[in-house]
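Chemist: In this text, residue positions in the sequence shown follow full-length UniProt numbering: the first is 1, and each later residue adds one. Structure provided below as structure tokens; questions to follow.
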Amino acid sequence: MDPARRSTETWRSHILRQLKHRDLSQTSMFQDLIRFYTQLLEKTSLTKAVLSSSNRRDCADSSSSLSSLQEQTSWMKKSTGELAYQVVELQQKIQIKTCFLQDQQDSLQVEKRRLGGVSDACQTLQKQVDHFNLENRKLKEDYDSLLERQRWAESKLREQKVQEEEMLEEMLQLKNQAAARMNNRNERRSRARQATLQKDLQAAARSKVTIDSSSSAPSSRSTSPKPELHVSRGRGQTRLFRSASVASPRMFSSFRELFEKRRGHSVSSLKEDLLYPVGFCVSARVPARSLQVLEAHEQGINA
1 MDPARRSTET WRSHILRQLK HRDLSQTSMF QDLIRFYTQL LEKTSLTKAV LSSSNRRDCA
61 DSSSSLSSLQ EQTSWMKKST GELAYQVVEL QQKIQIKTCF LQDQQDSLQV EKRRLGGVSD
121 ACQTLQKQVD HFNLENRKLK EDYDSLLERQ RWAESKLREQ KVQEEEMLEE MLQLKNQAAA
181 RMNNRNERRS RARQATLQKD LQAAARSKVT IDSSSSAPSS RSTSPKPELH VSRGRGQTRL
241 FRSASVASPR MFSSFRELFE KRRGHSVSSL KEDLLYPVGF CVSARVPARS LQVLEAHEQG
301 INA
């Protein structure tokens, strides 16, 4: 049980005991009064009886009035007792109602205090609600601004992606065009080289070189310096070949010298003069595997 309710019950029982004690004391006091009053009436009736016996002859005519007065007196006694009892009952009821009213007033005061506390709590909660509503409005505004910024950033990102795709397409087109131009240039160069080589081969085929097969190579060189001079001049100008009918080992070296060694006015190889498109890196990443692995025993390292 609640301590406050327990104290209230104790207080009520104490008040009821006090009221009962007061009712008993007042009833005893009124009973004494009624008894004294009845004794007084009896004494008056006795005195009247004595007076009536002494003055019987004088009061013969008033005997009827005396009996009526006695009846009225007895009725008044009875009515007075009843009224006194009713007064006591009414006083008890008034006291009970007064105690009940006091209890009601006390409970009303308690409820008023509770209502005041509840109203204060309600005001505090209302202030908190207003504060939370204000904070929610601020958060909503911040959220809307962030959402707008996100939309703007997404639109800019889409535009950047479109521009990037366009730039990539333009770059690829430029690279393709450059590659096409380079291929055309290389093709023209290769055709020009082939034509020049064809002319040189035709000129070399038309030129005649006499070689003495009976003599050795050093004697032929010493005895015929003019043809060698002619051949060297031909090499310096048009890279002429010896006669194809001579099956000499120097013929292969002449071909090798023609296409590989000398780079004066002669025709060079296609691999050295061709232009290739330079590649560029679009994306890079960390290598997934090693390009070269060396073991310890391969390097001659002993543990």
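Yeah, the Cβ is synthetic: ideal placement off N, Cα and C, and Gly gets one too. Every value quoted in this text rests on a predicted model; they were computed, and no experiment measured them.
Select from 113, 148, 12 the residue whose C-alpha is nearest the C-alpha of residue 97.
Modeler: Taking only the C-alpha atoms, the option nearest residue 97 is 12.
Chemist: Three-state secondary structure (DSSP) at residue 155?
Modeler: It is helical.
Chemist: Assess contact between the region 35 to 42 and the region 71 to 81, defined as three or more Cβ pairs (one per stretch) separated by less than 8 Å. Is contact present?
Modeler: Counting Cβ pairs under 8 Å, three or more are found: they touch.
Chemist: Under three-state DSSP, which class holds residue 207?
Modeler: Here residue 207 sits in coil by DSSP.
Chemist: Helix, strand or coil for residue 288 per DSSP?
Modeler: Residue 288 falls in the coil class under three-state DSSP.
Chemist: Please report the distance separating the alpha-carbon of residue 95 from that of residue 20.
Modeler: Near 10 Å, if we compare the C-alpha coordinates of residue 20 and residue 95.
Chemist: Let me know if residue 178 comes out buried or exposed under the rule of 16 or more other beta-carbons within 10 Å of its beta-carbon.
Modeler: Exposed.
Chemist: For residue 99, collect the residues of the same chain with a Cβ closer than 7 Å to its Cβ; drop the 5 residues on either side in sequence, then sort them by chain order.
Modeler: Here the set comprises 15, 19.
Chemist: Is the separation between the beta-carbon of residue 86 and that of residue 23 shorter than 7 Å?
Modeler: Cβ distance not < 7 Å, so residue 86 and residue 23 don't count as in contact.
Chemist: Could you tell me the alpha carbon to alpha carbon distance between residue 118 and residue 142, rounded to whole angstroms?
Modeler: Answer to the nearest angstrom: the Cα atoms are 35 Å apart.
Chemist: Return the CA-CA distance between residue 182 and residue 203, expressed in angstroms with no decimal places.
Modeler: Taking the straight line from one Cα to the other gives about 31 Å.
Chemist: Rounded to the nearest angstrom, what separates residue 44 and residue 71 at their Cα positions?
Modeler: The straight-line gap from Cα to Cα measures roughly 14 Å.
Chemist: How close, in whole Å, do the beta carbons of residue 73 and residue 41 come, if the pair is a contact with beta carbons under 8 Å?
Modeler: That belief holds up - the Cβ atoms of residue 73 and residue 41 are roughly 6 Å apart, short of 8 Å.
Chemist: So, for residue 165: in the same chain, excluding its five sequence neighbours on each side, which residues have a beta-carbon less than 6 Å away from its beta-carbon?
Modeler: Closer than 6 Å at the Cβ level, and outside the excluded window around residue 165, lies no residue.
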